[in-house]
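Below you'll find the structure, written out as structure tokens, and then a few comments.
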Amino acid sequence: MILAIDCGNTRVKWGLREPHASDWRALGAAPLADITRLGADWSALPAPSQIVIANVAGEPARKALSGQLARWAVEPLWVSAQAAQCGVTNAYADPEQLGVDRWAALVGAWHLQRGACLVVNAGTATTVDLLSSQGVFRGGIIIPGVDLMKRALARHTAGLPLAQGRFAEQPRCTADAIESGCLHAQAGAIERMHAGLEAGALCLLCGGNAGRILPLLNIPVRAVDNLALEGLVRIGA
545 MILAIDCGNT
555 RVKWGLREPH
565 ASDWRALGAA
575 PLADITRLGA
585 DWSALPAPSQ
595 IVIANVAGEP
605 ARKALSGQLA
615 RWAVEPLWVS
625 AQAAQCGVTN
635 AYADPEQLGV
645 DRWAALVGAW
655 HLQRGACLVV
665 NAGTATTVDL
675 LSSQGVFRGG
685 IIIPGVDLMK
695 RALARHTAGL
705 PLAQGRFAEQ
715 PRCTADAIES
725 GCLHAQAGAI
735 ERMHAGLEAG
745 ALCLLCGGNA
755 GRILPLLNIP
765 VRAVDNLALE
775 GLVRIGA
């Protein structure tokens, strides 16, 4: 049984699964600011044989997670991006500089799709990565996520509020104009990157903002929950 943990900038997501099973035994999440909440969630779990972690939240998160994982006599595997792993080749100039969350998602995407795809994680930041039909990560972009864009506008302009708007094709109020503009920016970046892949390539979309972006995309797209966790299970197996 593998416990996979994806520690991001906002949330810690986890899943428990047999290495070659298709269904999760258990899934959960907690705010990064309240990692101790995981203790209650994990108290009822069977002891995992492996623990595999992608952590982009730095040393404080690593220490907090280590404290919660001490209940099991299992040495965690703290994953880092590799030059090649699980069928995926990393073409980054310095492979180890690639964010481990992006690497895990690429591994997960390859094992789900086995073909050219655009791997998009729409969270605090939005990452858009190119995966070729040979399993080569060709590069990608990072842009502020939807809510980060909205907060930047509110913080650095005199007259634009941080307000809850709705998407509209022709926005007629400021809140809707901001919401629609930020969502268009996300969709536009994704579609431009998709144009650099082979014809018919699928976009795999995950992350907390996936549901807001998906209806705007005019490319083949599939929403996938827990893509990084999928990759971590493959790495652990």
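Residues 545 to 781, numbered by the numbering used here, are exactly what the sequence shown covers, in order. For glycine and all other residues, C-beta sits at the position ideal for the given N, C-alpha and C. The structure displayed is predicted, hence computed values, not measured ones.
Is residue i helix, strand or coil by DSSP?
| i | result |
| --- | --- |
| Val690 | helix |
| Trp622 | strand |
| Arg778 | helix |
| Arg615 | coil |
| Arg716 | coil |
| Ala605 | helix |
| Gly572 | strand |
| Ile763 | coil |
| Ala628 | strand |
| Leu748 | strand |
Tell me where the beta strand (DSSP E) around residue i begins and ends.
| i | result |
| --- | --- |
| Leu560 | 555-561 |
| Ala635 | Note, Ala635: premise wrong, no beta strand (DSSP E); not H, not E. |
| Asn812 | Nothing can be reported for residue 812, as the shown portion of the chain is limited to 545 through 781. |
Could you give the first and the last residue of the continuous alpha helix (DSSP H) run that contains residue i?
| i | result |
| --- | --- |
| Cys782 | Any question about residue 782 goes unanswered here, given that the chain covers just 545 to 781. |
| Arg581 | 581-586 |
| Ala577 | No alpha helix (DSSP H) holds Ala577; DSSP gives it neither H nor E. |
| Ala754 | 754-757 |
Once you ignore the five residues that flank residue i on each side, which residues in its own chain have a CB closer than 7 Å to its CB?
| i | result |
| --- | --- |
| Leu675 | Leu650, Ala653, Trp654, Ala660, Cys661, Val663, Phe681 |
| Ala628 | Asn634 |
| Pro715 | Ala721, Ser724 |
| Ala591 | Trp616 |
| Gly740 | Leu674 |
| Arg710 | Asp720, Glu723 |
Could you say which of the options lies nearest to residue i if we only look at CA atoms?
| i | options | result |
| --- | --- | --- |
| Glu713 | Ala707, Pro705, Ile722 | Ile722 |
| Leu692 | Ser593, Thr668, Ala574, Asn770 | Thr668 |
| Asp567 | Glu774, Ile779, Gly755, Ala781 | Glu774 |
| Gly572 | Ser587, Val556, Ala565, Ala707 | Val556 |
| Asp638 | Gln629, Ala625, Val632, Arg646 | Ala625 |
| Glu735 | Ala591, Gln629, Gly709, Ile757 | Ile757 |
| Ser724 | Ala754, Val690, Arg658 | Val690 |
| Asp673 | Arg699, Arg646, Arg658 | Arg646 |
| Gly583 | Ala565, Gly559, Gln612, Gly744 | Gln612 |
| Ile794 | Gly751, Ala731, Ala574, Arg606 | With the chain covering 545 to 781 only, the question about residue 794 has no answer from this structure. |
| Ile763 | Leu749, Asp769, Asp578, Thr701 | Leu749 |
| Gly751 | Leu771, Arg695, Ala745, Glu742 | Leu771 |
| Gly631 | Asp578, Ala648, Gly559 | Ala648 |
| Cys551 | Ala570, Arg569, Pro592, Leu609 | Leu609 |
| Val768 | Gln594, Ala588, Ala733, Leu656 | Leu656 |
| His738 | Ala588, Ser587, Ile685 | Ile685 |
| Ala731 | Leu760, Asn665, Thr701 | Leu760 |
| Gly679 | Thr671, Arg658, Arg699 | Arg658 |
| Thr671 | Ala729, Glu619, Ala719, Gln708 | Ala729 |
| Ser593 | Ala754, Trp586, Glu619 | Glu619 |
| Asn665 | Gly744, Arg766, Leu589, Arg695 | Arg766 |
| Ala745 | Cys717, Ser677, Thr701 | Ser677 |
Residues in its own chain within less than 8 Å of residue i by CB, not counting five upstream and five downstream?
| i | result |
| --- | --- |
| Asn553 | Leu576, Val600, Ala601, Gly667, Thr668, Ala669 |
| Ala781 | Ile546, Pro563, His564 |
| Ile779 | Val596, Leu621, Val623, Gln629, Cys630, Ala648, Val651 |
Below 6 Å CB to CB, which residues in the same chain sit around residue i once its five sequence neighbours on both sides are set aside?
| i | result |
| --- | --- |
| Gly643 | Val600 |
| Glu603 | none |
Whole runs of the beta strand (DSSP E) within the segment 639-683, excluding any shorter than 3 residues: For the segment 639-683, whole beta strand (DSSP E) runs of length 3 or above, ordered along the chain, are 661-666, 669-675.
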